[in-house]
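A.B. asks: One line per chain: the protein sequences are A and B, in this order.
Numbering that gives the first Met the number 0 puts the first residue of the first sequence at 0, with every later residue one more than the last.
Numbering that gives the first Met the number 0 puts the first residue of the second sequence at 0, with every later residue one more than the last.
2 protein chains.
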Amino acid sequence: MNPEEFRTAGHVLIDWIADFRTRLPDLPVQSDRRPGDVRAAFPESVPAVTAGIDELTSLLDSVVVPGMTHFQHPRYFGFFPSNAGLASVLGDLASSGLGGLGITWQSCPALTEVEEVVCDWMRRLVGLSSAWRGTIYDTASTGALVAMLCARERATGYGAAGKGWQGTGQGLTVYCTSHAHSSVTKAAALAGYGAAHVRFVDVDPVSFAMDPESLAKAIAQDTGAGFRPAMVVATVGTTGTTAIDPIARIAEVAGESGAWLHIDAALAGAAMLLDDYRHLWEGVEDSDSLTWNPHKWLGTALDASLFYVRDVDHLIRVMSTNPSYLRSAVDGEATQYRDWGIPLGRRFRALKLLFQLRLDGVESIKQRLRRDLAFTNLLLSLIHEASDWMVLAPVPLQTICVRHQPPGLDGEAVDAHTLRWVASINDSGRAFLTPAQLEGRWMVRVSLGSEATEWEDVEELWRIMKEAVAGALATSVVQNLDD
Amino acid sequence: MNPEEFRTAGHVLIDWIADFRTRLPDLPVQSDRRPGDVRAAFPESVPAVTAGIDELTSLLDSVVVPGMTHFQHPRYFGFFPSNAGLASVLGDLASSGLGGLGITWQSCPALTEVEEVVCDWMRRLVGLSSAWRGTIYDTASTGALVAMLCARERATGYGAAGKGWQGTGQGLTVYCTSHAHSSVTKAAALAGYGAAHVRFVDVDPVSFAMDPESLAKAIAQDTGAGFRPAMVVATVGTTGTTAIDPIARIAEVAGESGAWLHIDAALAGAAMLLDDYRHLWEGVEDSDSLTWNPHKWLGTALDASLFYVRDVDHLIRVMSTNPSYLRSAVDGEATQYRDWGIPLGRRFRALKLLFQLRLDGVESIKQRLRRDLAFTNLLLSLIHEASDWMVLAPVPLQTICVRHQPPGLDGEAVDAHTLRWVASINDSGRAFLTPAQLEGRWMVRVSLGSEATEWEDVEELWRIMKEAVAGALATSVVQNLDD
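(1) Taking 9 Å as the CB-CB limit, is tyrosine 192 (chain B) close to chain A?
(2) Kindly list, in the order they appear in chain B, the residues whose Cβ is closer than 7 Å to that of valine 308 (chain A).
(3) Just to confirm before moving on: does the CB-CB distance between glycine 101 (chain A) and glycine 344 (chain A) stay below 9 Å?
(4) Exposed or buried, asparagine 82 (chain A), counting other C-beta atoms within 10 Å across all chains shown (16 or more means buried)?
(5) Compare the Cα-Cα distances from valine 445 (chain B) to each of B:Leu460, B:Ala422 and B:Ser475 and report the closest residue.
(6) Can you tell me which residues form a DSSP beta bridge with tyrosine 157 (chain A)?
(7) Per DSSP, what are the beta-bridge partners of phenylalanine 306 (chain B) in this structure?
(8) Considering only DSSP beta bridges, list what isoleucine 262 (chain B) is partnered with.
(9) For a cutoff of 9 Å on Cβ pairs, would you count tryptophan 104 (chain A) as touching chain B?
(10) CA-CA distance, histidine 178 (chain B) and lysine 185 (chain B)?
(11) Any beta carbon of chain A sitting closer than 9 Å to that of lysine 162 (chain B)?
(12) With distances taken Cα to Cα, identify the nearest neighbour of glycine 470 (chain A) among A:Leu418, A:Ala435 and A:Trp441.
(13) So the candidates are A:Pro434, A:Gly439 and A:Leu396; which of them puts its Cα closest to the Cα of glutamate 411 (chain A)?
(14) Buried or exposed: where does aspartate 312 (chain B) fall if 16 or more other Cβ atoms within 10 Å of its Cβ makes it buried?
(15) Answer yes or no: does any C-beta atom of chain A fall closer than 9 Å to that of lysine 185 (chain B)?
(16) Mind checking if arginine 370 (chain B) is an interface residue toward chain A, Cβ cutoff 9 Å exclusive?
(17) Using a Cβ cut-off of 9 Å (strictly closer), state whether cysteine 400 (chain B) contacts chain A.
(18) What residues from the stretch 57-72 of chain A come within 9 Å of chain B, judged by C-beta to C-beta, listed N to C?
(19) Apart from the five residues just before and just after valine 117 (chain A), which ones in its own chain have a Cβ nearer than 6 Å to its Cβ?
(20) Can you name the start and end residues of the alpha helix (DSSP H) that tryptophan 420 (chain B) belongs to?
(21) Could you tell me the distance, in whole angstroms, from the CA atom of alanine 373 (chain B) to the CA atom of histidine 294 (chain B)?
(22) From the beta carbon of proline 293 (chain B), is the nearest beta carbon of chain A less than 9 Å away?
(23) Arginine 153 (chain A) touches chain B at which residues, Cβ-Cβ below 7 Å?
(24) Under 7 Å between beta-carbons, which chain B residues line up against tryptophan 120 (chain A)? List them in chain order, please.
(25) Would you call the CB atoms of threonine 320 (chain B) and serine 304 (chain A) closer than 9 Å?
(26) My output table needs one value for valine 317 (chain B): the three-state DSSP class, helix, strand or coil.
(27) Give the DSSP-derived three-state secondary structure of serine 129 (chain B) in the structure shown.
(28) Determine the DSSP secondary structure at isoleucine 243 (chain A), reduced to helix, strand or coil.
(29) Helix, strand or coil for serine 446 (chain B)? Go by DSSP, reduced to three states.
(30) Determine the direct distance from the alpha carbon of tryptophan 388 (chain A) to that of glycine 96 (chain B), and round the result to whole angstroms.
(31) Looking only at its chain, what residues have a beta carbon closer than 6 Å to the beta carbon of phenylalanine 78 (chain A), apart from the 5 residues adjacent to it on each side?
(32) Let me make sure I understand the geometry here. Which of B:Ala264, B:Met230 and B:Ala242 has the alpha-carbon closest to that of valine 252 (chain B)?
(33) Report the rounded CA-to-CA distance for isoleucine 16 (chain B) versus tryptophan 104 (chain A), giving the unit in angstroms.
(34) Any idea what DSSP makes of alanine 195 (chain A), helix, strand or coil?
(35) When the Cα atoms are used, what is the spatial distance from tyrosine 276 (chain A) to serine 423 (chain A)?
(36) Over what stretch of residues does the alpha helix (DSSP H) that includes methionine 67 (chain B) continue unbroken?
The following block contains the structure:
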């Protein structure tokens, strides 16, 4: 495709995207496709005849859009917000259009230095000190893995990467709560600690936050048994209930043991743009690494996960290689991000953050975050006022964990009821919520923060929820009569 | 930014990109910026006043474009081709615009299934059997790491991920040549084998390809010494000279030892679209995993690295987690790509391959690859005919390794001459080449395959190279007279 063909097709696609975002409220949130449906729309091999852009946008309309659960929908309240803000979409388009490649600083100085600039801008925006330096990864899962490797190498004196972990006598242990993201156990497995060496520290029964004294006990017990505590992962805003692990005290305990402390603020990082939310990660300066995802609530299009570290030299020593074809005259003077992460070749991801910050502006982003928090509190009041609805966890951010518990239903019956009413909402396409387990029982997470959500959408959601529980109970009664 | 603002700004940006690609031939290939120059163009914090799209494109013009070494330039012959073909740029724009997120199949069925479709299309295009199943990673570095983890877990019976590698008695060993990509040693270090357990197998002195009999010897020696050979990485098209490790025989040797065989065809994979190049990876069906990068020579915009594996169940067992908030009714019926790689959240990368394959078409892609190979052979003839130029390695693909060796210069003097003439070309901005070391001495890699390159550009490059060596010799003489 030459530049003029691109110009023509590009205008078509821009219009298509603008139209798509405009009509999104009228589409079902959850895809109704069954496994294999989308695949069945494609032939086994690439068709021999080429297509024009209109055929591609038709394919988007007929196959792709109905095959998506729409995270950009105003009535999307699922997993967590994953906003692909349109300003950042333009930044990402600029990145692809420019076609730069970061392998060394020299291969694209702007890619490296704009990344340094936006990472530093973001650092200031969330109130972190200048002791931190940042880079952009794809996801917080990668951040957890890199942090786990840093912890491993610190604990073994660069032994695992150098001489190999095989035959290293002392077992290293990892600490988090059972509410930590699945990527923590995964990272421990991949980094070779072994899932068996992950200790799930007790949580406070009300807040589901890590109990630091239980952490201290677990560390003491392991140390006594000959293990070496190497890694503590504290979460600011857990995936299930957005619980806030108390970092300040955890940092003291981790510090005494010599363990690396990694902070997973994937979701909550965005809230740290607001001064009055920063107390949630008090103590963060005493940790070793930190990850948060602008591609969640903040609204940067996937994938843009910030990873900050204090001891950059250590990170580089763990992650670097230096073959001749990557050497250049500026080595030592310039940042070589290839030595900060797993991939060698890097996309110009900083542009999407740059475009978002400059086109939307920080104030409008903050206003939107405050709006979402206000909507959350308003919805929370409605739920508190209603009978038979329970809020199961504190709501420090924008996620409400609820259960509808009608009189006379217990345990498994409530589980069945919960799964029934949430499925009826999701299957209707009118709104989307994620069920999850809390202490072995099903609940429903209402996670606000889709950029397109207005108060009418939240009110509508609440109406839909009340209808859904009534409907589920009626169905259940009919089924019981049929038995 | 709302959809109408996006429409307006999007049209501006599409035009800007079309114009940029059109005027690219007139820009210097290599950036002349020094470390810190780009950074100095930005304030310390995000400006309080927002910008419009015109200010952003001005910033691209004044700061970003001059801060890039242009891989899309017609006279870019550096590292390796990294084409961001414009059809794929549109596919990537569609991905950002749609704003889907792959965490489970249900979160975006189309994301998963279009990825299955294009991975299967690509499999057929390069002639792999249906025993392979594929996914899209960011880079081949990640592919190498995942393969290394698969090998580790096969060798330890899932012991490293489960019980932990600490205290596992037997040392696992990894085999490749010193010409393998830096990501192999890095992956061995990160996966915990330790760099000390990477064995660099002898290469053929002419082809720089792995000598399978040396591999057999190294494996036998390690086995005798109590090590367990776990991983062999064979490269089809090494980074330095595009050497082709002989896979068929390597697979026999690896197979006898029980080691996992990973094929790194990051660059060469594109050539496998051409029937008459497939002999280069003869034996590939006997390997365990395979990676190749459409984001290199094929022309898919970063990042799009294909990873294929034969034993999908093993891959999933190594990489999977299963928390409640990711469970859904279709588990078991649908592919869950989160269990095929490191990140949980996944971008809709398949669209850029889909758009490229459909808009450009396979035939035009093949024609371009053949064109690049023809240009390579023509340039090779010119170099062979010229005096004092040496071609240092076989040219199976599109990269020519050259040295200009004037009479009377030896060893370090040639090294200095080489670095001088290649720097003079790169600093001129007229063309871009990468110097690299081969057996301890500097050479220059001429890597063809930029989509914009026409025969006039190759001819121009050759003129520039001849001028540069003459210039470097003259400068050198002047400097000697000055001494």
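We treat Cβ as the ideally placed atom computed from N, Cα and C, and that holds for glycine.
Being a predicted model, the structure only gives us computed values, none of them experimental.
C.D. replies: In this structure, then:
(1) yes
(2) Correct list: empty, because the minimum Cβ distance to chain B is about 16 Å.
(3) yes
(4) Buried: at least 16 other Cβ atoms inside 10 Å.
(5) B:Leu460
(6) The partner list for tyrosine 157 (chain A) (beta bridge, DSSP) is empty, contrary to what the question assumes.
(7) B:Thr134 and B:Thr290
(8) B:Ala233 and B:Leu289
(9) yes
(10) 14 Å
(11) yes
(12) A:Leu418
(13) A:Gly439
(14) Within a 10 Å sphere around the beta-carbon of aspartate 312 (chain B) sit fewer than 16 other beta-carbons, which makes this residue exposed.
(15) Judged by the 9 Å Cβ criterion, lysine 185 (chain B) is in contact with chain A.
(16) Taking Cβ atoms only, chain A never reaches closer than 9 Å to arginine 370 (chain B), which makes this a no.
(17) no
(18) Shown in chain order are the members of the stretch 57-72 of chain A whose Cβ falls below 9 Å from a Cβ of chain B: Leu58, Leu59, Val62, Val63, Val64, Pro65, Gly66, Met67, Thr68, His69, Phe70 and Gln71.
(19) Ala349, Leu352 and Leu353
(20) 410-427
(21) 21 Å
(22) Contacts with chain A at 9 Å (Cβ-Cβ) do not include proline 293 (chain B).
(23) Residues of chain B passing the Cβ test: none, with the nearest at roughly 14 Å.
(24) Ser44 and Val45
(25) At a Cβ-Cβ threshold of 9 Å, threonine 320 (chain B) and serine 304 (chain A) do not count as neighbours.
(26) helix
(27) coil
(28) strand
(29) strand
(30) One C-alpha to the other measures close to 37 Å.
(31) Thr433
(32) B:Met230
(33) 23 Å
(34) The answer is helix: DSSP assigns alanine 195 (chain A) an H, G or I state.
(35) 35 Å
(36) No alpha helix (DSSP H) holds methionine 67 (chain B); DSSP gives it neither H nor E.
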